[in-house]
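Written below as structure tokens is the structure these notes are about.
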Amino acid sequence: MPTRIPLHRGIWISSLLVLLCLFAVTRVSAEGSETVSFEAALIDLSDPSFAVKQAAVDVIAASGDPRAAALLQALAAGQLYVRDADRALVLVSPSAGDYRLRDALDGSELGEASRREVKKIAINNRMRTQLRTAIAALTLASPDPAVRLRAAQQMLGDPNPLVIQAIRDQLEEEENRQVRDYLTLSLALADLQDPATEIRLRGIDRLSGSLYPAARNGLNRLLSAETDPEVRDAAERARTHIERMRSLNEAAETLFFGLSLGSVLVLAAIGLAITFGVMGVINMAHGELIMIGAYTTYLVQQAMPHWIDYSLFVAIPAAFIVAGLMGILIERTVIRFLYGRPLETLLATFGISLILQQLVRTTISAQNVAVQNPSWMSGSLQINPALALTYSRLYILIFALLVFFALLVILKRTALGLQVRAVAQNRAMARSMGVRSGRVDALTFGLGAGVAGVAGVALSQLTNVGPNMGQAYIIDSFMVVVFGGVGNLWGTLVAGLTLGVANKLMEPWAGAVLAKILVLVFIILFIQKRPRGLFPQRGRAADG
Amino acid sequence: MSKPNPIKTTLLSAACAVALMALTPAQSAEPPIKVGVLHSLSGTMAISETTLKDTVLMLVEEQNKKGGLLGRPLEAVVVDPASDWPLFAEKARELLTQDKVDVVFGCWTSVSRKSVLPVFEELNGLLFYPVQYEGEESSKNVFYTGAAPNQQAIPAVDYLKDELGIERWVLAGTDYVYPRTTNRILEAYLKQNGVADEDIMIDYTPFGHSDWQSIVARIKRFGSEGKKTAVVSTINGDANVPFYKELANQGVTADDIPVVAFSVGEEELSGIDTKPLVGHLAAWNYFMSVDDPNNAEFIETWHGFIKNDKRVTNDPMEAHKIGFDLWVQAVEKAGTTDTDAVQAAIIGLETQNLTGGTARMLPNHHITKPVLIGEIQEDGQFAVVWQTDEEVPGDAWSDYLEGSKDLIADWTPPIMCGNFNTVTQTCLGSEAE
Amino acid sequence: MNPAARKPVEQLRESMRRDRQWRFMYSTLDLELDVSQGVILYLEGLHVSFDGFKAINDLNFYVNAGELRCVIGPNGAGKTTMMDIITGKTRPDGGTASFGRSIDLLQLSEPEIAALGIGRKFQKPTVFESHTVFQNLELAMAGDKRVFPTLFARLTGEQRDRIHEVLTTIGLQELLDQDAGALSHGQKQWLEIGMLLMQDPQLLLVDEPVAGMTHQEMDRTAELLLSLEGRHSVVVVEHDMDFVRSIAKRVTVLHQGAVLAEGSMDEVQNDPRVIEVYLGE
Amino acid sequence: MVLGRLLRDDRGGQAMLAVLLLVAVLVPILNLVVPEGNPWHVSTYTVTLLGKYLTYALLAVAVDLVWGYLGILSLGHAAFFGLGGYAMGMYLMRQIGDRGVYGHPVLPDFMVFLNWTELPWFWQGFDMFWFAVLMAILVPGVLAFVFGYLAFRSRVTGVYLSIMTQALTYALMLAFFRNEMGFGGNNGLTDFKDILGFDLTNDTTRIGLFLASALTLALGYLACRFIVTSRLGRVAVAIRDAEARTRFIGYRVDHVKLAIFTFSAMLAGIAGALYVPQVGIINPGEFSPLNSIELVIWVAIGGRATLYGAVIGAVLVNYGKTYFTGAFPEAWLFALGALFVLVTLFLPKGIAGLFSQAVTWWRVRRPRERTARVTP
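One line per chain: the protein sequences are R, H, D and Y, in this order.
Following UniProt numbering, the numbering of the first sequence begins with 1 at its first residue and continues without gaps.
Following UniProt numbering, the numbering of the second sequence begins with 1 at its first residue and continues without gaps.
Following UniProt numbering, the numbering of the third sequence begins with 1 at its first residue and continues without gaps.
Following UniProt numbering, the numbering of the fourth sequence begins with 1 at its first residue and continues without gaps.
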């Protein structure tokens with residue numbers, strides 16, 4: 001792709017590469033090797049020693065060879081393998097069972113190969129950094145804006161004059177806004193180093209209001225050295241301005257963290273709000289139902305290893321059904337004999353939770369299992385350089401709300417919901433009016449269990465999936481439901497989010513543990529004030 | 001309520017099972033030598049400890065294939081302390097008094113070791129403890145085959161400092177004694193190396209902490225202030241997955257802020273989606289990926305024994321292997337399994353590490369170990385990126401802590417003391433008796 | 001000071017009364033029941049509303065010492081709510097309720113009110129099912145009901161006699177060792193009345209005593225209540241007109257939370273408003 | 001005499017106490033007199049095991065008092081047990097003196113290693129046995145009193161109360177895990193040397209502790225009997241069955257609840273204090289909410305509202321645990337779980353219920369059931 005570089009820019013870049021090259025040669029000869037040619041370097045790439053590999057990378061980067069960029073990117077991405085037979089470098093992409101090989105240089109197909117025949121070229125952190133710089137230099141002019149962006153980010157704050165020059169040229173051409181930001185920022189940073197006062201001032205002026213950490217660090221560096229009073233207080237002002245904006249963003253971030261934690265609590269508790277809140281069953285196996293949901297996700301992913309990105313859409317209904325059926329099973333076999341004796345449901349379901357845990361230990365494994373994140377779940381949404389919301393959290397927050405409102409609709413708008421509420425309020429009456437309370441109970445409990453399962457899918461994306469994971473959520477769930485007011489879905493939502501935010505607000509100055517303790521104490525005292533939670537349920541149904 | 005002790009029957013059955021498993025060629029009339037196994041098979045620690053139980057069973061089986069010890073077969077006695085600390089003490093007493101075992105291999109967490117320690121000292125038993133730990137201890141009756149802080153933490157920090165040029169440090173750990181001690185040692189060590197206070201951030205979280213958003217955000221900020229930053233993680237097992245996931249999601253990659261972990265090994269990785277971890281580091285004394293004939297053989301026997309070649313090997317397993325070899329040698333040398341004789345005999349004995357080099361039992365009941373730094377790869381294995389030139393001797397008492405820098409442990413005459421104060425030339429505390 | 005400001009000040013002064021400042025500074029026992037006017041219960045200008053619905057609406061109601069008063073009225077007339085206010089279960093939004101002339105019931109808690117000698121029998125009979133009849137009465141017996149005295153309490157001779165006396169009054173003497181849970185509906189009603197008597201109350205509030213009773217049982221109950229008249233003041237709330245006629249001297253008709261009519265059974269029954277209310281339904 | 005009155009119509013209790021007495025007499029003899037190797041010899045291991053069970057039994061009795069008779073399902077009694085344990089543990093730590101590994105004259109090892117220079121105020125006085133014992137009773141008592149005062153005054157009942165007690169013990173667990181708290185963090189307190197000058201590792205000391213536990217259990221049992229057979233006990237049952245009614249006949253329900261709840265908490269504290277020297281360690285794990293739930297289950301299995309049932313339940317379940325964890329490590333959780341489910345389904349009155357039913361079968365004159373029916 002670098003073939004399309006306009007001439008004058010090509011000159012700059014190649015001269016930059018030449019410099020890198022000289023640099024490399026000295027380094028390499030220091031390493032005691034004589035290799036300078038591109039081809040020889042290729043051989044060195046498959047050398048076990050990281051030192052030799054680094055030298056080789058420098059050479060390749062500097063060679064100006066059009067194939068270099070692609071090659072280094074492949075290396076960085078961990079697709080570059082060496083074939084044991086002829087030590088040829090090959091690009092590997094996994095195919096059914098085995099590997100599909102392409103020539104690393106001309107990309108020509110080399111057919112299938114077994115895992116035995118090729119060996120991956122391992123790289124370490126140093127090489128990653130080195131590769132990124134080299135690739136950046138090679139791809140700053142790439143037609144793909146995403147690539148240019150990465151390159152620009154990489155070059156950010158690099159004092160090397162040649163790099164600055166390259167950036168300056170790119171800036172003239174560049175039309176992508178984000179890339180421009182980075183390039184101008186780099187230049188501004190360069191300005192700070194400039195001997196001329198007005199240039200430094202220009203740099204400061206450009207930097208003020210920029211939220212990039214590099215900007216603030218640049219100013220700090222400047223202030224540590226700067227003598228000129230004018231420049232100093234300009235820089236001071238710029239920095240305080242930046243700090244204020246950053247702290248605002250941090251506040252926003254904390255709020256998001258709180259809401260996200262809250263959404264997790266809501267998800268974990270919402271199923272309980274039904275089994276416990278509506279049916280009055282103290283369901284100690286709730287945590288294990290969540291666990292079942294999580295394990296369903298795991299199994300689904302095992303079943304469709306090449307479709308991880310879609311696995312969740314399969315997992316959610318699957319988990320709902322599996323956990324739901326499990327719930328119905330529990331209800332039919334045990335709980336239905338215990339209605340009106342809530343405290344005894346606690347004992348029975350606790351027994352069930354033990355059984356379910358051990359069941360997972362024996363059938364699947366005592367170890368945790370690896371549930372993967374779909375690509376669209378990883379990474380974060382960059383609002384601005386100082387504020388990024390992680391996608392996984394964002395989606396789970398949204399998901400929690402969806403589940404909540406879905407439940408609300410089911411309970412308030414559907415026939416089932418009507419019957420559920422009828423049975424919850426007055427079993428005998430409902431029966432006499434022809435509601436098949438047995439069926440309703442089973443379905444209600446199944447619903448609650450199913451929702452717990454769905455929560456499990458979400459949690460599997462955040463934390464580890466193992467036999468004990470249920471235990472981690474059961475207590476918090478009860479807290480949320482009780483705090484919100486038993487039998488009131490809105491209560492659960494508000495309670496969950498409140499506790500989440502409260503927790504996160506306290507964490508910075510109290511620390512994670514103390515924050516949790518304080519929240520618990522708060523709940524205890526709150527319940528003394530309002531013995532029936534935030535939104536107490538009216539009428540006789542409430543008298544437990 | 002007065003009843004014949006139930007456990008006997010139990011252990012007989014367990015013992016028989018093992019005896020059957022270990023069909024010894026030398027089916028001698030000699031009474032077997034009993035090897036106690038004290039690892040949790042249920043509860044939270046089962047995740048890690050079950051493997052170690054199997055390891056010991058394997059070692060016993062192998063030894064019996066070689067014709068046992070002193071012409072007598074070995075017999076493993078397995079109990080389940082169920083991750084319950086008081087129960088550890090109870091079961092230890094059971095092994096030593098009811099089953100009269102000659103040696104015990106067991107424990108993982110510090111608290112479980114602390115819980116059984118008085119029992120072993122009271123009944124003068126032998127315990128081989130295979131897990132890296134916080135040090136600050138040396139008992140006449142315990143042999144520490146895992147790493148002491150100076151065999152894991154300090155070399156790791158040296159690596160980050162010298163190789164990766166790290167200038168700012170985040171010491172993140174779960175709030176219990178191992179991270180606390182390790183971090184205090186590291187803090188002292190870093191300050192001695194001229195690291196300023198504001199360049200060290202220490203953070204503790206509860207067990208199984210699952211919401212890392214704020215902490216990772218703080219780490220990110222801490223790392224974005226221009227200086228190269230690294231995280232030294234003593235975070236305990238379960239909390240690691242959400243931690244690494246959060247790191248990855250907030251865009252902290254191994255080359256901006258590398259994390260070096262002391263409690264994440266092959267076994268743990270097998271239960272994690274390794275994508276977000278690639279490039280992060282771990283410091284151990286053993287990696288499954290190390291290319292060494294002994295290691296290859298060990299892995300092969302392990303897969304043969306556990307009948308599943310997907311299973312990984314890890315550092316504590318090697319520690320048990322070394323401990324077992326040394327114990328066998330000591331018994332042969334002493335010609336008896338008598339505790340005091342073995343204690344006297346074992347000091348100074350050597351055996352092969354699985355990663356090359358030799359492990360020697362030191363007078364302070366710790367051993368010499370090589371230290372390896374590995375980078376996590378997609379396949380859940382580690383690529384060794386650095387290792388010490390020669391083995392590091394385990395140090396019972398850290399040189400960087402106020403209370404203990406003057407203390408040494410030496411179980412050879414004339415000192416015969418686990419915490420000997422070199423300044424006052426006195427043996428402190430109860431071990432004096 | 002301007003009149004607008006006065007009311008808050010009054011309230012403040014009231015709330016600052018030294019003898020009312022701290023609950024522990026006065027016990028209910030030192031409150032003297034004053035029936036010098038011959039009236040034992042004053043309810044004046046009471047208001048209660050449950051989210052919008054006016055259950056009690058400017059209710060004025062007086063009971064003389066020793067009289068047997070019947071209260072009738074259609075459903076939702078506020079009969080039970082009135083009882084709740086008297087026994088401290090419900091706090092009114094406005095108005096006063098005093099026991100005798102001096103004792104302000106609205107200041108006191110349920111146990112304190114009970115200790116003053118106002119006993120109540122619920123619509124639905126509630127006795128302690130896992131205790132015997134005898135024990136039920138023993139528990140109800142007047143006396144020091146604080147924790148430690150209760151812990152060390154022993155039955156004295158005359159207390160036993162008292163219990164047996166009541167047992168005979170309510171006609172359960174031969175069932176004294178039976179679990180209350182095993183009693184018939186009627187027997188439970190009587191036992192509950194018996195428990196009221198054990199507290200030898202000044203004022204009994206009896207809510208629907210004959211609901212679901214056979215005719216014989218009704219007659220027994222009627223006798224029982226009549227036998228109380230004079231010694232105690234009794235307020236009976238009842239739907240069953242025949243029963244009311246059989247015991248009532250004075251009848252009060254409640255309607256929509258206020259007194260609609262009051263007088264002898266005949267007067268009340270011929271009162272057009274009453275007829276309208278009852279036939280209106 | 002009093003004893004007679006307390007045990008009237010309490011055949012289960014009589015039997016239980018008889019067995020207890022028998023064990024208390026036999027075990028020491030079989031342990032000390034009968035030589036090892038003799039099949040009748042009871043090992044010290046078994047003695048400590050029994051001692052542990054007895055403390056659990058006492059704890060169960062305490063729980064049964066509030067749950068069975070007062071209808072308060074406390075999921076926080078492990079907290080009181082743990083606090084009692086810590087009080088005793090602190091005393092034992094102080095007894096170590098300068099025999100700790102760092103040889104510090106006063107500070108326990110974990111403080112030395114946290115670089116603490118002097119003893120925090122709340123560790124003062126725990127070098128005196130009487131003080132420690134006092135605290136083992138008072139601290140849980142006060143906590144229960146404060147908590148109960150708030151809860152009962154504002155009429156927090158039923159499930160809400162249960163969950164709150166759970167929150168209480170959960171908060172305590174998290175707090176004690178923190179090393180800054182000064183209770184040894186996750187490692188807790190351990191490596192005890194001696195108690196009242198007697199070497200803890202000494203057989204006779206263990207026997208002594210065992211006997212102490214047996215005696216305390218007996219006394220605790222009788223104390224609870226005294227309460228439940230008194231009028232207060234009947235008031236308690238009345239509250240359990242019809243709280244509002246009890247209020248209307250003039251009892252201060254909240255006071256009654258508070259008194260009994262506090263007493264029960266103190267009992268739990270004592271149990272904890274006896275537990276620690278016998279198992280040799282106390283750590284925050286004891287506060288885990290699951291423990292609380294489990295001990296409620298002991299009571300349920302033994303038979304709610306029958307004090308001796310609680311004792312039976314505690315001993316049986318724990319014996320079962322000791323046995324199963326060894327017998328089939330992989331499957332014992334199945335067994336335990338199934339046990340809980342089946343008992344709640346088929347034995348609502350627990351094992352004690354079975355007994356009384358059996359008795360009623362072959363007895364002509366039916367003895368009055370003081371074991372009230374189980375109502376939520």
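C-beta: ideal position from N, C-alpha, C; glycine also.
Remember, it's a predicted structure, so these values are computed and weren't measured experimentally.
Under 9 Å, do residue i and residue j count as touching if we go by C-beta distance?
| i | j | result |
| --- | --- | --- |
| Val-206 of chain D | Val-237 of chain D | yes |
| Leu-223 of chain R | Arg-237 of chain R | no |
| Ile-121 of chain R | Leu-171 of chain R | no |
| Leu-101 of chain R | Arg-67 of chain R | no |
| Asp-158 of chain H | Thr-129 of chain R | no |
| Gly-209 of chain R | Leu-192 of chain R | no |
| Leu-73 of chain Y | Leu-343 of chain R | yes |
Classify residue i as helix, strand or coil using the three-state DSSP reduction.
| i | result |
| --- | --- |
| Ala-24 of chain R | Confidence in Ala-24 of chain R is poor, its pLDDT being 44 and thus under 50, which makes the residue's placement too unreliable to answer from. |
| Asn-57 of chain D | strand |
| Asn-294 of chain H | helix |
| Thr-35 of chain R | Only weak support is given to the placement of Thr-35 of chain R: the predicted model assigns it a pLDDT of 46, under 50, and the question is left unresolved by the model. |
| Pro-161 of chain R | helix |
| Asn-38 of chain Y | coil |
| Leu-254 of chain D | strand |
| residue 554 of chain R | Here chain R comprises residues numbered 1 to 544, so residue 554 of chain R is not present and cannot be evaluated. |
| Ile-281 of chain Y | strand |
| Ser-102 of chain D | coil |
| His-77 of chain Y | helix |
| Glu-267 of chain D | helix |
| Trp-108 of chain H | coil |
Report, in whole angstroms, the separation of the C-beta atoms of residue i and residue j, which I expect to be a contact under 8 Å.
| i | j | result |
| --- | --- | --- |
| Gly-323 of chain H | Ile-47 of chain H | Rounded, the Cβ-Cβ distance is 21 Å, inconsistent with contact. |
| Leu-267 of chain R | Val-403 of chain R | 7 Å |
| Val-392 of chain H | Gly-374 of chain H | With 8 Å as the limit, Val-392 of chain H and Gly-374 of chain H do not qualify as a contact, their Cβ atoms being about 16 Å apart. |
Looking at chain Y, which residues of the region 247–270 of chain D have a Cβ within less than 7 Å of any of its Cβ atoms? none
List, from N- to C-terminal side, the alpha helix (DSSP H) runs of 4 residues or more that fit wholly inside the region 292–351 of chain Y. You should have 307–327, 332–346.
Chain-ordered residues of the region 249–264 of chain H with a beta carbon less than 7 Å from chain R: Asn-249, Gln-250, Gly-251, Ala-254, Asp-255, Pro-258
In chain order, each alpha helix (DSSP H) run of at least 4 residues that lies wholly inside the region 129–203 of chain H: 153–163, 177–192
With 8 Å as the C-beta to C-beta threshold (strictly closer), list the residues of the region 415–436 of chain R near chain H in chain order. For the region 415–436 of chain R, there are no residues whose beta carbon sits under 8 Å from a beta carbon of chain H.
May I have a chain-ordered list of the alpha helix (DSSP H) segments no shorter than 4 residues that lie completely inside the region 68–149 of chain R? 68–77, 125–139
Uninterrupted beta strand (DSSP E) stretches inside the region 368–419 of chain H (no shorter than 3 residues): Restricted to the region 368–419 of chain H, the beta strand (DSSP E) segments that are unbroken, complete and at least 3 residues in length are 372–376, 382–387, 407–410, listed in chain order.
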